[in-house]
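S.K.: Residue numbers (this note's numbering), protein chains in the order written: chain Y, 74 to 360; chain U, 1047 to 1406. All C-beta atoms in this analysis are idealised placements derived from N, C-alpha and C, irrespective of residue type, glycine included.
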């Protein structure tokens, strides 16, 4: 007869507690806020799903969400192909490998608010290296505190500078794991360079690229510090991304209820899109 | 189809090789006849893969030339040599179906889709993979993957030579045999020149008509499997081929006769003039028998390997392997060894130094 005991639960318990305290319980307080209204003094009034309804109809939310998708979409479109291209042109062996890897890793080691501050100074029209160069040497009017287009270009270039390395390093790891025989076989089969990329390198990089896309999506969708330090959401509201808007509502206006409702919807969207990416990119593996 | 000539080929992985030790291939002069089945046999690191990659064009030799039907191809890239190569680990294009995998080399050369279809189906038939054509290639078992990568080599009808670089390494033992006989059958049907690189003597001896044995970047013997077994021209071949390998016994040569452990040993024929250096007697365990008298030895170990017994007998400090079918002695017994005269040879500095009876 099979003996059964329940000891296993004790081994799961620590993890369960950890997850409860660092994720579930804090999130439940947010759920709690999202259905109530408060005017301070720790007084709460039941509000039901009103905040959610208001938010779904709010043009301000729609605009911020739209900006957020535009930002994330643009940086994914740039960083993923660019990262793959850089990884493919990096040397596979020898002294330069470590030089390239370290150079690539450097931007990622810089703290986020420092990156924001760096780019802020870098782009100042009269004293920043890039700002001065564009305005006074190239003669291109550039001021990201005044011009919406300039502000967008700047936050995108900044994110590309900061995070393309992640895609590069992951793709590079995928590339170096391809055995030499694949390239030799392709050569013998008369495959073009494009065919080698399409049928050997890309399929072999697929797993790491899935991870790269997911990480970059989640990180950029939740981005706060860098654009906050760089543009503060401006000019106007033109670079007010979801998280910046959320902080404005929660800590600027102190509307805890709407902010909580927004957090939950924000979280749900992140989760949903991540799931979609993952499912779409791995659906072929199940075959 | 073509005859392949390697002429004064040398290769070094160093930019400026200083001495013979820097060469992965020392000096290779070799003809591979059109339509032959060859094996390149040697231990790991003997230069056989280097040689293969030079023939396929993946490497350019430091010195020497490669000719396909008297046309110099030394500096041609692989895709212009019309060769095919099957690698140790099956190389397949994961995202394609089996059909597309087989069609890939043809489509790359711009063949019309109708002709591609005919060729692919024909090859699939031969390899017995017809029912898998529409499947994705990624999900196949290793032996089928290896079949597909062979197929990609054979699908072109203009291949000069098909090369196999230890193709059965990752295949399960019971499928190895099947795949090997398939290969032999394919060779008979297609009649392409095939070169099979391996360190496994069974694979080499069953596949090839001619076996090229290599050691340390040099060819030590070329011959049919029987020649290699019966009359190895180098102690390395004798030792490498056979299970257990040939007995190589240090000996002294005095007045044209060989003495092992103080006793005279009869050889197959006369010792070549001028043979000197380190002299050894070579005799295969198959040609040593237990007799009433001869070399006195005592039995140290007896191993039953199924078909027969391998007796390890000690003559003084020297180990001699003997294959015995009946009347197996016990461990510790005293026995007498008899060497079959026409299969007992002298080797000087590793190379054969006796003439066969009747030969010049």
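#1: If the cut is a Cβ gap below 8 Å, which residues of chain Y does residue 1131(U) touch?
#2: At which residues does the alpha helix (DSSP H) containing residue 244(Y) begin and terminate?
#3: Run down chain U in chain order and give the residues with a C-beta less than 8 Å from the C-beta of residue 98(Y).
#4: Please list the segments of the beta strand (DSSP E) lying wholly inside the stretch 241-302 of chain Y, counting only runs of 3 or more residues, in order along the chain.
#5: May I have the straight-line CA-CA distance separating residue 1317(U) from residue 1306(U), to the nearest angstrom?
#6: Can you look up residue 1260(U) in the DSSP assignment and give me helix, strand or coil?
#7: Within 8 Å, do at least three Cβ pairs link the stretch 244-255 of chain Y to the stretch 151-164 of chain Y?
#8: How big is the Cα-Cα spacing for residue 206(Y) and residue 1155(U)?
#9: Count the CB pairs spanning the stretch 1244-1254 of chain U and the stretch 1149-1165 of chain U that are closer than 8 Å, and state whether there are at least three.
#10: Could you please give the first and the last residue of the uninterrupted alpha helix (DSSP H) stretch that includes residue 1139(U)?
#11: For residue 1065(U), collect the residues of the same chain with a Cβ closer than 8 Å to its Cβ; drop the 5 residues on either side in sequence, then sort them by chain order.
#12: I'd like to know if residue 1125(U) contacts chain Y, where contact means its C-beta is closer than 8 Å to some C-beta of that chain.
#13: For the stretch 144-203 of chain Y, which segments carrying the alpha helix (DSSP H) assignment without a break, of at least 4 residues, lie completely within its bounds, in sequence order?
#14: Can you list, in chain order, the residues of its chain whose CB lies under 8 Å from that of residue 107(Y), leaving out five sequence neighbours each side?
#15: Starting from the beta carbon of residue 273(Y), find every residue of chain U whose beta carbon is closer than 8 Å, and list them in chain order.
#16: Can you tell me whether residue 1289(U) is buried or exposed? The criterion is at least 16 other CB atoms within 10 Å of its CB, across all chains shown.
#17: Pull the bridge partners of residue 1211(U) from the DSSP assignment, please.
#18: Which residues in chain Y have a C-beta closer than 9 Å to the C-beta of residue 1151(U)? List them in chain order.
#19: Please check if any C-beta of chain Y sits within less than 8 Å of the C-beta of residue 1105(U).
#20: List the residues of chain U whose Cβ lies closer than 8 Å to the Cβ of residue 333(Y), in chain order.
#21: Does DSSP classify residue 1400(U) as helix, strand or coil?
#22: With 16 as the cutoff for other CB atoms within 10 Å, does residue 1377(U) come out buried or exposed?
#23: What residues in the stretch 220-249 of chain Y have a beta carbon less than 7 Å from any beta carbon of chain U?
#24: On the DSSP bridge assignment, give the partners of residue 1344(U) in chain order.
#25: Hey, could you find the ends of the beta strand (DSSP E) residue 1083(U) is sitting in?
#26: Measure how close the beta-carbons of residue 1381(U) and residue 1359(U) come, nearest whole angstrom, since I'm counting them as under 8 Å.
#27: Kindly indicate which residue of 1176(U), 1084(U), 1340(U) has the alpha-carbon position closest to the one of residue 1312(U).
#28: What in chain U is Cβ-close to residue 276(Y), meaning under 7 Å?
#29: If you check the beta carbons only, do residue 1255(U) and residue 1082(U) fall under 8 Å apart?
#30: Determine contact between the stretch 340-353 of chain Y and the stretch 1075-1091 of chain U, defined as no fewer than three beta-carbon pairs at a distance below 8 Å.
#31: At the 8 Å Cβ level, is residue 1154(U) part of the contact set with chain Y, yes or no?
#32: Does DSSP put residue 1406(U) in a helix, in a strand, or in coil?
#33: Just confirm the distance between the C-beta atoms of residue 1207(U) and residue 1129(U), as a whole number of angstroms; I'd bet it's less than 8 Å.
#34: Whole angstroms are fine: how far does the CA of residue 1200(U) sit from the CA of residue 152(Y)?
#35: Judging by CA-CA distance, which residue of 1237(U), 1365(U), 1233(U) is the nearest neighbour of residue 1293(U)?
#36: At which residues does the beta strand (DSSP E) containing residue 1310(U) begin and terminate?
M.R.: Let me lay it out:
#1: Taking the first residue of the second chain as 1, we reach residue 1131(U) at position 85. Per Cβ cutoff of 8 Å: 257, 258, 261.
#2: In the first chain, the residue the question calls residue 244(Y) occupies position 171. Its alpha helix (DSSP H) spans residues 221-249.
#3: On the first chain, position 25 is the one that residue 98(Y) refers to. What residue 98(Y) touches in chain U: nothing, since even the nearest Cβ is about 44 Å away.
#4: none
#5: Against the second chain, residue 1317(U) aligns to sequence position 271. Against the second chain, residue 1306(U) aligns to sequence position 260. Cα to Cα, the separation comes out at about 15 Å.
#6: To locate residue 1260(U), count along the second chain from 1; it is residue 214. Looking at residue 1260(U) - three-state DSSP - the assignment turns out to be strand.
#7: yes
#8: Start at 1 with the first residue of the first chain, and residue 206(Y) comes out as number 133. Start at 1 with the first residue of the second chain, and residue 1155(U) comes out as number 109. Taking the straight line joining both Cα atoms gives about 51 Å.
#9: no
#10: The residue labelled residue 1139(U) in the question sits at position 93 within the second chain. First-last for residue 1139(U): undefined, no H or E at that position.
#11: Here residue 1065(U) is taken as the residue at index 19 of the second chain, counted from 1. For residue 1065(U), where only same-chain residues beyond five positions count, there are no Cβ hits under 8 Å.
#12: As a position in the second chain, residue 1125(U) is number 79, starting the count at 1. Residue 1125(U) counts as touching chain Y.
#13: 168-182, 185-195
#14: Translated into the one-based positions of the first chain, residue 107(Y) becomes position 34. 124, 125, 330, 333, 334, 336, 337.
#15: Mapped onto the first chain, residue 273(Y) falls at position 200. Result: 1139.
#16: One-based indexing of the second chain puts residue 1289(U) at position 243. Classification for residue 1289(U): exposed.
#17: Along the second chain, one-based indexing puts residue 1211(U) at 165. Its beta-bridge partners are 1243(U).
#18: Locating residue 1151(U) in the second chain gives position 105, counting from the first residue. Within chain Y, the residues near residue 1151(U) are 261, 262, 263, 264.
#19: Walking along the second chain from the start, residue 1105(U) turns up at place 59. Cβ-Cβ to chain Y under 8 Å: no for residue 1105(U).
#20: The count along the first chain starts at 1 and reaches residue 333(Y) at position 260. Within chain U, no residue comes near residue 333(Y); the closest Cβ sits about 45 Å away, beyond 8 Å.
#21: For the purposes of this step, residue 1400(U) is identified with residue 354 of the second chain, where counting begins at 1. Three-state DSSP puts residue 1400(U) in a strand.
#22: Here residue 1377(U) refers to the residue found at position 331 of the second chain. It counts as exposed.
#23: none
#24: As a first step, residue 1344(U) is located in the second chain; it is residue number 298 there, counting from the start. According to DSSP, residue 1344(U) bridges with 1360(U), 1380(U).
#25: In the second chain, the residue the question calls residue 1083(U) occupies position 37. Run containing residue 1083(U): 1083-1087, per the beta strand (DSSP E) assignment.
#26: If you number the second chain from 1, residue 1381(U) lands on position 335. If you number the second chain from 1, residue 1359(U) lands on position 313. Sure, about 6 Å apart at Cβ, within 8 Å.
#27: As a first step, residue 1312(U) must be located in the second chain, where it is residue number 266. Considering only alpha carbons, the answer is 1340(U).
#28: Here residue 276(Y) refers to the residue found at position 203 when the first chain is read from its first residue. Ordered by position in chain U, the residues that pass the 7 Å Cβ test against residue 276(Y) are 1140, 1141.
#29: By 1-based counting over the second chain, the position of residue 1255(U) is 209. By 1-based counting over the second chain, the position of residue 1082(U) is 36. Yes, the Cβ-Cβ distance between residue 1255(U) and residue 1082(U) is below 8 Å.
#30: no
#31: Reading the second chain from its first residue, position 108 is the one you call residue 1154(U). Yes - at least one Cβ of chain Y is within 8 Å of the one on residue 1154(U).
#32: Within the second chain, residue 1406(U) is the residue found at index 360, counting from 1. Note on residue 1406(U): pLDDT 42, under 50, position unreliable in the model; no value is reported.
#33: As a position in the second chain, residue 1207(U) is number 161, starting the count at 1. As a position in the second chain, residue 1129(U) is number 83, starting the count at 1. Sure, about 5 Å apart at Cβ, within 8 Å.
#34: The residue labelled residue 152(Y) in the question sits at position 79 within the first chain. The residue labelled residue 1200(U) in the question sits at position 154 within the second chain. Distance between the alpha carbons of residue 152(Y) and residue 1200(U): 42 Å.
#35: As a first step, residue 1293(U) must be located in the second chain, where it is residue number 247. It is 1365(U) whose Cα lies nearest to the Cα of residue 1293(U).
#36: To locate residue 1310(U), count along the second chain from 1; it is residue 264. Where residue 1310(U) is concerned, the enclosing beta strand (DSSP E) stretches over 1309-1311.
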